[in-house]
Amino acid sequence: MISIQNLSVEFSAKSLFNNINYVINRRDRIALVGRNGAGKSTMLKIIAGLQHPTSGQVAVPTDTTIGYLPQQMRLSDTVSVADEVRKAFSHIDRMNERLGRLNNELAERTDYDSPEYARLIESVTELTERIAMEQSDNTEAEMEKTLLGLGFVREDFGRLTAEFSGGWRMRIELAKLLLQRPDVLLLDEPTNHLDIESTQWLEQFLVAKANAVVVVSHDRAFLDNVTNRTIEISCGKIYDYAVSYTKFKELRRERVEQQMRAYRNQQKEIADTEAFIERFRYKATKAVQVQSRMKALAKIERIEVDEVDNSHINLRFPPAPRSGDYPIIADNVGKAYGDHQVFDNATFTIKRGEKVAFVGKNGEGKSTLVKCIMGEIPFTGSLKIGHNVKIGYLAQNQAQLLDEDVTVFDTIDRVAVGDIRTRIRDILGAFMFGGEASDKKVRVLSGGEKTRLAMIRLLLEPVNLLILDEPTNHLDMASKDVLKQAIRDFDGTVIVVSHDREFLDGLVEKVYEFGGGQVRECLGGIYEFLEKKRLANLRELERTAPSQPSQPSQPTNSPTRQPGNSSTPHTTGSPTRQLSYTEQRERDKMLRKASKRVEQAESDIAAIEADIAAIEADIAAGKTHRDDTPDIDIYTLHQQRNRDLENAMSVWELSSQELDNLRASFAN
């Protein structure tokens, strides 16, 4: 669908990409990965047409649409949320205008037998079918489901977009992109501003409804759940794997090990050759051999080992001083802003040494309760801090609170006391601020670097209660792994506010869920909590009807007759809500579409397998090329078709999983 051909990019005479080639196919779910600075965001901008390469081109078919969500954007709209999101359907009007122009051209032409006329007919037919498909959907219902899935409530629809924070406005832009259904969706860190529920909804949407997707993300669980192909940018080259991210990591490790073995063998061969040349350089009897070895040495194509980013933070929290048995005791704690009750009657106890997570939708009070614990805002109820509790607090906006006009070194020097001042540079080096990096001004640091700098302050004095509010924001996967291990090794108490499932998995043993004005305790890890909540179920996330009120018991002299038990009175409970005709049609439509995707995937697999069998028959017959592809070596073609088969199998697995999930959700 989109072909990247001989792409090269240079910045200040430094090569970022060098002669890169690959193709984005329909239904591809591509994870674009690589170390920080490898050029992932640059690649997305080039595909989106927002940046031009130094050489090469991105070939995009005329009718192919591209949607791009950057990491950061400046928004200046002042309309309501609903009106802003409705702009996503303006493409239908543009398609109708284009269809009108094509029909006019058809009416004027008389070259009925020409190839151009046939192509024009084909374009009109395709565009007509596409418009019919787009207009068959209930756009208002689709808009509502998308906004609700991304965390908005109906009361938000009429609010002006200017009232929302940057993170929520990014969700509005994401909603517009998803509703436009572009042929290729480019997403740069789309989960940065999403909570767990919204992230899981987005995963289901991308798998079930999106066309081709290229995503850059540090959320390992998100990549594994969405992608079926991984493209790594390394040393200015790309490595293309038809697998999800976790499987890619295994294959990459094997590839680097093979490269290292080949590199060492080549280096030994080069060293032996150079030693022979040096030893016999001036012996006339060996002149021919020396000249031969010199020519062979010049012809050797040097093996280049992929870059392995071994730099990572060396993080270990100081031993925790002993605190009381119960660092936090909350009793009927509540917080309201005017008439808005954020939460109420929060009652729980956190024991010494426990590691717990605060989870829930944005705006439900997680960070608010943390501020109550820190004594930053007033609240109702009782909140007791245990004996000898020393708190280390990393606020969600801690990086923004840094003074941007001072250097990295001075930032730490201002708060360091005693002997620690003599070890500031050692500490900075452990956090990848060694050498000249310690003299950088804070304003030039990236988001991840600012987060690491803010984290250093937690190490300046021993604490026994760590409160970390979204600590993984802007951290890459390697840094998140190091932080996670450091928290595991910490012998004090930890409260983590996070939307990162992979980060919380295996780290916390208790989850507190914030929602509906309540704080509920759930024993177990994050995935046990998600299983109980069934957040991964698409139907649960899309359910928007309020629960039915309990019915009062019927008088004993007028029982309500129940099917199968004529004498049993109707007791208090919530009756099962019957689906409306519109909801029944929507459900059947979703099942039909999911079934068709499975059938299409099975058909594609059968066709590719038949083609591979034909190619293998040609190979057995001694052919080196096929008649229909004379420019492609038959072995190369065989490899390509096998890769196509792997992609088709991945599409089939995802489609089958989606269909099973839908059937399970509708059965409940």
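This note's numbering puts the sequence shown at residues 443 to 1110. Note that the Cβ used here is the ideal one computed from N, Cα and C, for glycine as well.
If you measure between the beta carbons of residue i and residue j, is that distance less than 9 Å?
i	j	result
residue 775	residue 838	no
residue 844	residue 896	yes
residue 701	residue 742	no
residue 1083	residue 1057	yes
residue 618	residue 529	yes
residue 815	residue 791	no
residue 963	residue 954	yes
residue 533	residue 570	no
residue 830	residue 765	yes
residue 1061	residue 1090	no
residue 972	residue 952	no
residue 1196	residue 621	The question about residue 1196 has no answer here: the residues shown for the chain are numbered 443 through 1110.
residue 922	residue 948	no
residue 678	residue 902	no
residue 697	residue 681	yes
residue 745	residue 735	no
residue 1121	residue 1101	Outside the displayed span of the chain (443 to 1110) sits residue 1121, for which this structure offers no information.
residue 633	residue 941	yes
residue 615	residue 511	yes
residue 449	residue 495	yes
residue 509	residue 658	no
residue 602	residue 520	yes
residue 613	residue 635	yes
residue 478	residue 890	yes
Please report the distance separating the alpha-carbon of residue i from that of residue j.
i	j	result
residue 869	residue 910	20 Å
residue 1041	residue 637	34 Å
residue 523	residue 588	12 Å
residue 1019	residue 1105	Any reading at residue 1019 must be qualified, since the residue scores a pLDDT of 46, below 50, and its modelled position is unreliable; the value itself is stated next. Roughly 18 Å between the two C-alpha positions.
residue 1066	residue 656	35 Å
residue 1133	residue 685	Because the chain is modelled from 443 through 1110, residue 1133 falls outside the range shown and cannot be assessed.
residue 918	residue 945	12 Å
residue 1059	residue 1098	31 Å
residue 840	residue 501	43 Å
residue 455	residue 492	21 Å
residue 795	residue 916	27 Å
residue 986	residue 611	Since pLDDT at residue 986 reaches only 45, below the 50 mark, its modelled position is unreliable, and no value is offered.
residue 604	residue 804	18 Å
residue 468	residue 1031	22 Å
residue 535	residue 566	15 Å
residue 629	residue 608	17 Å
residue 759	residue 904	8 Å
residue 489	residue 623	17 Å
residue 465	residue 443	7 Å
residue 653	residue 683	19 Å
residue 874	residue 666	29 Å
residue 824	residue 642	35 Å
residue 547	residue 531	26 Å
residue 564	residue 1049	24 Å
residue 931	residue 900	15 Å
residue 983	residue 802	With a pLDDT of 40 at residue 983, under the threshold of 50, the predicted position of this residue should be treated as unreliable, though the coordinate-derived value follows. Using only the alpha carbons, I get a separation of about 13 Å.
residue 789	residue 772	5 Å
residue 786	residue 513	35 Å
residue 886	residue 690	33 Å
residue 1161	residue 568	The shown model of the chain, from 443 to 1110, leaves out residue 1161, and the question about it has no answer.
residue 1069	residue 716	48 Å
residue 988	residue 1079	Bear in mind that the predicted position of residue 988 carries a pLDDT of just 42, short of 50, making it too unreliable to give a figure here.
For residue i, which beta-bridge partners are listed by DSSP?
i	result
residue 521	Answer is none; residue 521 lacks a bridge partner.
residue 964	953
residue 471	655
residue 452	457
residue 778	783
residue 849	883
residue 497	450
If I'm right that residue i touches residue j with Cβ under 8 Å, what's the distance once you round it to whole angstroms?
i	j	result
residue 898	residue 833	17 Å between Cβ atoms; not a contact.
residue 451	residue 476	With a Cβ gap of about 13 Å, residue 451 and residue 476 do not count as contacting.
residue 807	residue 777	7 Å
residue 800	residue 929	Not confirmed; about 14 Å, so no contact.
residue 473	residue 779	Actually they do not touch by this definition, with Cβ atoms about 40 Å apart.
At a cut-off of 8 Å, is residue i close to the ligand ATP when judged by its beta-carbon and the heavy atoms of the ligand?
i	result
residue 673	Among the components modelled here there is no ligand, and therefore nothing to report on the ligand ATP.
Q. Given 8 Å as the limit, is there contact between the stretch 672 to 679 and the stretch 642 to 655, that is, 3 or more CB pairs closer than that?
A. no
Q. Is the stretch 538 to 546 touching the stretch 590 to 602 in the sense that three or more CB pairs, one from each, lie closer than 8 Å?
A. no
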